[in-house]
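Comments concern the structure below.
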Amino acid sequence: MNEQKTQVEIDPITATVSKWMQEFLSGMGVPEHLIEYTKLFILIALVVVIVYVLQLLTKYLLTFICRKVNKVTNLSFFKYAINNKLPYYLALVVPYSFVRSAIPVVFHDFQGWISPLTKLTDIYMVFMVIWTIMSLIKSLADVLQERPAFHNKPMKSYIQVIYIIFFIFGAVVIYSILTGKSATAFFAAMGAASAIMMLVFQDSIKGFVGSIQVSANNMVQIGDWITMNKYGADGDVEEINLTTVKIRNFDKTITTIPTYALISDSFQNWRGMKEYGGRRFKRALNIKYDTVRFLSDEELEKYKKVDGLREYITAKEQEYATLNKGTDSSIPLNVHRITNSDLFLQYGTYYLRQHPKISNELTLLVRQLSPTSQGLPIELYTFTTTTVWAEYEVILSEVVNHFISVVPFFDLKLYEESSGSDEYNVFMRDVTKQKNLES
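Numbering of the sequence shown is given in the numbering used here, commencing with residue 14 and proceeding in unit increments.
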C-alpha cells in the first residue's frame, strides 16, 4: 500500500518526464521496444553528470569557505578539516538529496528497482554521515593535540573507540533500513550473538579497557621511554591506539605490543628520570681485602693535602682521640683508627659533589656493599644532571675512569679474576725465585 501511494504521488511528475522522453526518442527513430531502456540509460547518464557537477561545485565552495575562514581567523580547525576531507564529505549531501529524489523518476518504467535502490542510497547516506562525523572528530582531535595538556594523550585510542560506537550505531540504522524493523529487534538479535561478538572482538575490548586505564592512571604517554623485556621493547612510545602500542627501539627497530599488556604485564617507564632532570647510574669497584689497612700518622698528614680530606681527617682524629682515652694504644686492636678505605669513600663522595655534571639535589652515595668472594664492593650511586644518553655515557666513563685511576693513590687494589696468562706469570716468577735461591 505504501509503495502504491508513493507511486500515485509522484505519477504526475514522472508521467510528464516519461511522455516527453518517449516522444523525443520516437522522433529520433528509436524502436518502440528499446525506448524504455534508452530512456533509462539517458536519465542515468544525466543524473551521473548532474551529481558529479553538484558534488564538485559544493566541495569547491566548502573548501574555499574553509580556507578563507582559516586565513581570516587563523583557526587551525579549518586547516585540519580540509586535511581530513570534511568539505568533501559534506559536499555529498546535495548529490545524495538529488539522487534520492531522482530515483522514482529515472526508474519509473522499472518499479521493482525503486525500493532496493532507495534503500541502497539510504545505506550510502548512513556511511556518508559516519564519515562526516569521523572527519569532524578527527579534526577536533588534531586541534586538541596542539595543546600541551593533550600533547602526550593517546588520542588515537579515543578516536577508535568513537569510531566503533558510531559504526555500531550505523549498523543498527542499516539493519532498520534493510528489514524495516526497529532498533530493538536488532539489539534482541545481538543479545543472542553477544558471546560470539565478545570472542571476535576480545582484543578490541581488552585494548579499550587497557587504553582507558593507561590514560586514567597516566601510566604511559606518547614520547615516554619504556622498557618491556617480555616483548623485547626498549625505546620511545610513538603511538598508542585501541589495540596496540608502537615503540621505536633505540636501534631504530619498531616493537608492537598489545595495549592491554601495559596493565597485565610489568614494564619500566623512564619518564620520572626525565621529569627529575637526572639519570641514575650505579657502578661498583671491587677492592681486594688484603689492601684495606690502617693508616699511620705520617700517611694521614700526606692525605690532609688532598682536597676534601683535611676536614674529614681532622674531625675523625678528634673523635677517635676521645674514644681512645684510657685504652692501651700499644695494641692496635684497642684503638680506633682511620683506614685507607675510609678515605677512599670520603674522597669519592667529595669528588662526586664537586663534579659539575653530577646532581647534588638527588641521591648521592659512595658506599660499601656486602663483602663477596670477589672483593669488597665500593658502589657509586648518583645521578647525572642530563638525561641525554650520549652525554650520560660520557659522564659515566669519566667518573669510573677517575675512580679506577685514584684507587692506587690510597694504596688499594682492585680485584680482577686471574686469567691463564696471569697464572703463568706467577708460576714463572716463582720458578725464577727458586732458581735464584738455589744459585
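Yeah, the Cβ is synthetic: ideal placement off N, Cα and C, and Gly gets one too.
Among residues of its own chain, excluding the 5 on either side of S354, which ones have a beta-carbon nearer than 6 Å to its beta-carbon? Excluding sequence neighbours, S354 sits near V305.
Strictly by DSSP, which residues pair up with M241? Per DSSP, the beta-bridge partners of M241 are A246.
Own chain residues within Cβ distance below 6 Å of I23, not counting five before or after: Since pLDDT at I23 reaches only 46, below the 50 mark, its modelled position is unreliable, and no value is offered.
Do I270 and T256 have their C-beta atoms closer together than 8 Å? If you check the CB distance, I270 and T256 do not come in under 8 Å.
Please say whether Y360 and V401 have beta carbons closer to each other than 8 Å? Here V401 is not near Y360, since their CB atoms are 8 Å or more apart.
Taking all protein chains shown into account, do 16 or more other C-beta atoms lie within 10 angstroms of the C-beta of V21, making it buried, or fewer, making it exposed? Any reading at V21 is ruled out, since the residue's pLDDT is 38, under 50, leaving its predicted position unreliable.
Please specify which runs of the alpha helix (DSSP H), each continuous and at least 4 residues long, are wholly inside the stretch 287 to 354, giving them in chain order. Restricting attention to alpha helix (DSSP H) runs no shorter than 4 residues, the stretch 287 to 354 encloses them at 310 to 316 and 323 to 336, ordered along the chain.
Looking at the secondary structure, which residues open and close the alpha helix (DSSP H) in which L393 lies? No alpha helix (DSSP H) contains L393, which is instead part of the beta strand (DSSP E) from L389 to F396.
Where DSSP assigns a beta bridge to Q381, which residues make up the other side? Note: Q381 sits in a beta bridge opposite I391.
Using alpha carbons as the reference points, say which of S386, E374 and A328 lies closest to T399. If we check each option's Cα against that of T399, E374 comes out closest.
For E311 and K317, I'd like the C-alpha separation in whole angstroms. Spanning the two alpha carbons is a distance of roughly 10 Å.
Along the chain, where does the alpha helix (DSSP H) containing P271 start, and where does it finish? Here P271 belongs to no alpha helix (DSSP H); instead the beta strand (DSSP E) covers I267 to P271.
Assign E430 to one of three DSSP states: helix, strand, or coil. E430 falls in the coil class under three-state DSSP.
Of the residues I260, L346, Y289 and M141, the one placed nearest L103, counting alpha carbons only: Taking only the C-alpha atoms, the option nearest L103 is M141.
Are the C-beta of I57 and some C-beta of chain B separated by less than 8 Å? No chain B is present in this structure, which holds just one protein chain.
From which residue to which residue does the alpha helix (DSSP H) around T134 run? Unbroken alpha helix (DSSP H) run through T134: Q124 to L157.
Quick one: Cα of Q226 to Cα of I276, how far? Rounded to whole angstroms, Q226 to I276 spans 8 Å at the Cα level.
CB-CB under 6 Å to T395, same chain, minus the five flanking residues each way: which ones, in chain order? Excluding five sequence positions before and after T395, the CB atoms of its chain that fall closer than 6 Å to its own CB belong to L365, I371 and L377, given in chain order.
Alpha helix (DSSP H) segment containing V174, residue limits: Start and end: M168 to T192.
Tell me whether the beta-carbon of Y176 lies closer than 8 Å to the beta-carbon of G223. Not a contact, by the Cβ cut-off of 8 Å.
Three-state secondary structure assigned by DSSP to T51: Helix at T51.
Inter-residue spacing [alpha-carbon to alpha-carbon] between L358 and T240: Computed Cα separation, rounded: 33 Å.
Whether V412 touches H368 by CB criterion (8 Å): It is a contact, given that the beta carbons lie within the stated cut-off.
Residue closest to V250, alpha-carbon to alpha-carbon, out of N242, R261, K243 and Y244: When only C-alpha atoms are compared, the closest one is R261.
Should T397 go down as buried or exposed, given a rule of 16 or more other Cβ atoms within 10 Å for buried? Counting C-beta atoms within 10 angstroms of its own C-beta, T397 has 16 or more neighbours from the protein chains shown and is therefore classed as buried.
Whole angstroms is fine: what's the gap from A94's alpha carbon to L75's? Rounded to whole angstroms, the separation of the alpha carbons of L75 and A94 is 11 Å.
Where do the ends of the alpha helix (DSSP H) carrying I371 lie? Counting along the chain, I371 falls outside any alpha helix (DSSP H), and DSSP gives it neither H nor E.
DSSP bridge partner residues for K259 (one or two, in chain order): Beta-bridge pairing links K259 to E252 and T269.
With a threshold of 8 Å, are at least 3 pairs of Cβ atoms found where one atom belongs to the stretch 79 to 97 and the other to the stretch 146 to 161? Yes, the stretch 79 to 97 is in contact with the stretch 146 to 161.
With DSSP run on the structure shown, which of helix, strand or coil describes I78? Helix.
Over the uninterrupted alpha helix (DSSP H) stretch that includes K92, give me the two end residues. Where K92 is concerned, the enclosing alpha helix (DSSP H) stretches over S89 to N96.
Can you tell me where the alpha helix (DSSP H) with I417 in it begins and where it stops? According to the DSSP assignment, I417 belongs to the alpha helix (DSSP H) that extends over W402 to V419.
Cβ separation of G388 and Y333, assumed to be a contact under 8 Å, to the nearest whole Å: The beta-carbon separation of G388 and Y333, rounded to 26 Å, does not stay under the 8 Å limit for a contact.
Contact check, V139 vs V64, beta carbons under 8 Å: Taking C-beta atoms as the reference points, V139 and V64 fail to come closer than 8 Å.
Roughly how many angstroms separate the alpha carbons of L427 and L382, rounded to a whole number? Cα atoms of L427 and L382: separation of roughly 15 Å, rounded to the nearest angstrom.
Give me, in chain order, the residues of the same chain whose beta-carbon lies closer than 8 Å to that of I136; leave out the 5 immediate sequence neighbours on both sides. Taken in chain order, the residues that qualify are I187, I190 and L191.
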